[in-house]
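Numbering (the working numbering), first residue to last: 20 to 431. Some notes on the structure that comes next.
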């Protein structure tokens, strides 16, 4: 944003270990364009990258990037600059990124308005202009209350499938989702197992997830009739979890009927080098899982998982089926009370209602959040509260081999 340049992820190939493992074999670029739309109409050719200017390879250059959040003036005229990725996991010293972004968008909008006046061509309707101006205003005002709002919109933008995969996803989802599917009668349950449970988070036994579905999710549904059997959208990368679910899938006394992706490859790990031969199937399965959960009225997630955190951000960015019921407004996903069953207030200052409108509970529910009954709580490795500290002690006592693996002999 500060450099006013488009950002690409350049997978510079130095050897076999530098190939992006999740890229499909037939895609020569081996980058995000294999699956997603480009972030900008600016195109890069291999010839452009042959003699590209590199910056950020030294500590001095990295400190400049981190402190100034800009390119040196000598590089600003360069069409292409390759930035070293050494900034990963380092703090960025910037006062207000949103203010800078708002100013840049304001300049763009002024340019569009000038072009519209000079060309006598109406680029957008009056309603569209009003929406853009309101969004630009909210970029700073509302992001103070909802700090991750801007990040959510970036996720939405980056995850637009390219035409091939958009068509493939549509075809797969059409075969999966029944014609009588009703979002408000559907609950999403994303279960992260396998390697995540070794040290990065505690995990619930599958039976506990089923208790969550019956004790928490089911009573919160507003079913029109007791005869309605709602759907439980279950996704997992862990084949062990899926196999445990089969008994419940065939149990007609269970209050939910399952909706699962039978073609999910369930790679059994979140570490790409362990499923490098199934990269394309894993990406497709993940995107289908994302879209299935966007179809649900409420979704329960293990937000210790990066992929589940992305689902939560997409839902909080007002993606998904519930949005079309006009139940959302900007910032309503920032909950003031995490206890289940509470109502959340829409506090938009320009609302027609003086008291604010009442909307149902948020769609995305992270099991790692406080406020859940303890038997359904999941703790991330970075969780600091007393309950999670005790839960991790119990987790390691029940799995002593994990301590030795994580801490070596000190773990004993």
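Cβ coordinates follow ideal geometry from the N, Cα and C atoms, glycine included.
**Study point:** Alpha carbon of residue 18 to alpha carbon of residue 221, nearest angstrom
**Key:** A question about residue 18 goes unanswered here, because the residues of the chain that appear run from 20 up to 431.
Review point. Near residue 73, which residues of its chain fall below 6 Å by C-beta distance, leaving aside the five closest residues on each side in sequence?
Key: 101
Review point. Between the beta-carbon of residue 130 and the beta-carbon of residue 155, is there less than 8 Å?
Key: no
**Study point:** Alpha carbon of residue 406 to alpha carbon of residue 211, nearest angstrom
**Key:** 21 Å
Exercise for review: Measure the Cβ-Cβ separation of residue 336 and residue 174 and say whether it is below 8 Å.
Suggested key: yes
Check your understanding: I think residue 203 touches residue 241, with their Cβ atoms under 8 Å apart; what is that distance to the nearest whole Å?
Key -> 7 Å
Practice item. Return yes when the Cβ of residue 280 is within less than 8 Å of the Cβ of residue 308, no when it is not. Key: yes
Exercise for review: Express the C-alpha separation of residue 103 and residue 321 in angstroms, rounding to a whole number.
Suggested key: 32 Å
Point to revise | Residues bridged to residue 220 [DSSP beta-bridge criterion] | key: 399
**Study point:** Element boundaries [alpha helix (DSSP H), containing residue 305]
**Key:** 298-313
Review point. Since residue 385 is in the alpha helix (DSSP H), which residue starts that stretch and which ends it?
Key: Note, residue 385: premise wrong, no alpha helix (DSSP H); beta strand (DSSP E) at 383-385.
Exercise for review: Indicate the three-state DSSP secondary structure (helix, strand or coil) for residue 273 in the structure shown.
Suggested key: coil
Practice item. Could you check if residue 176 is buried or exposed, using at least 16 other CB atoms within 10 Å of its CB as the buried criterion? Key: exposed
Review point. To which residues does DSSP link residue 100 through a beta bridge?
Key: 72
Practice item. Report buried or exposed for residue 356, applying the criterion of at least 16 other Cβ atoms within 10 angstroms of its Cβ. Key: For residue 356, the predicted structure reports a pLDDT of 32, less than 50, and the residue's modelled location is therefore unreliable. A value from the coordinates is still provided. Label assigned to residue 356: exposed.
Practice item. In angstroms with no decimal places, state the Cα-to-Cα distance between residue 4 and residue 158. Key: In the structure displayed, the chain extends from 20 to 431; residue 4 sits before or after that span and is not available.
Review point. DSSP state of residue 240, grouped into three classes?
Key: coil
Check your understanding: Grouping DSSP H, G and I as helix and E and B as strand, with all else coil, what is residue 329?
Key -> helix
Practice item. Look up residue 168 in the DSSP assignment and say whether it is helix, strand or coil. Key: helix
Review point. Using DSSP with H/G/I as helix, E/B as strand and the rest coil, what is residue 179?
Key: coil
Review point. By how many angstroms is the C-alpha of residue 215 removed from the C-alpha of residue 323?
Key: 8 Å
Check your understanding: Given a threshold of 16 other Cβ atoms within 10 Å of its Cβ, counted over all protein chains shown, does residue 301 qualify as buried or as exposed?
Key -> buried
Check your understanding: What is the C-beta distance between residue 232 and residue 206, in whole angstroms, given that I count them as a contact (C-beta under 8 Å)?
Key -> 7 Å
Point to revise | Closest Cα partner of residue 327 within the set 397, 134 and 189 | key: 397
Point to revise | Where residue 228 sits in the DSSP three-state scheme | key: helix
Check your understanding: What is the DSSP secondary structure of residue 286, reduced to helix, strand or coil?
Key -> coil
**Study point:** Exposed unless 16 or more other CB atoms sit within 10 angstroms - verdict on residue 61
**Key:** exposed
Practice item. State the DSSP-derived secondary structure class of residue 416, mapped to helix, strand or coil. Key: helix
**Study point:** Sequence ranges, alpha helix (DSSP H) only - wholly within the region 119-164, length at least 4
**Key:** 145-164
**Study point:** Reference residue 253, options 239, 283, 270 and 234, closest by Cα
**Key:** 283
Review point. With 16 as the cutoff for other CB atoms within 10 Å, does residue 183 come out buried or exposed?
Key: exposed
Review point. How far does the alpha helix (DSSP H) with residue 78 in it reach, from first residue to last?
Key: 78-87
**Study point:** residue 353 versus residue 45 - alpha carbon distance
**Key:** For residue 353, the predicted structure reports a pLDDT of 35, less than 50, and the residue's modelled location is therefore unreliable. A value from the coordinates is still provided. Roughly 42 Å separates the two Cα atoms.
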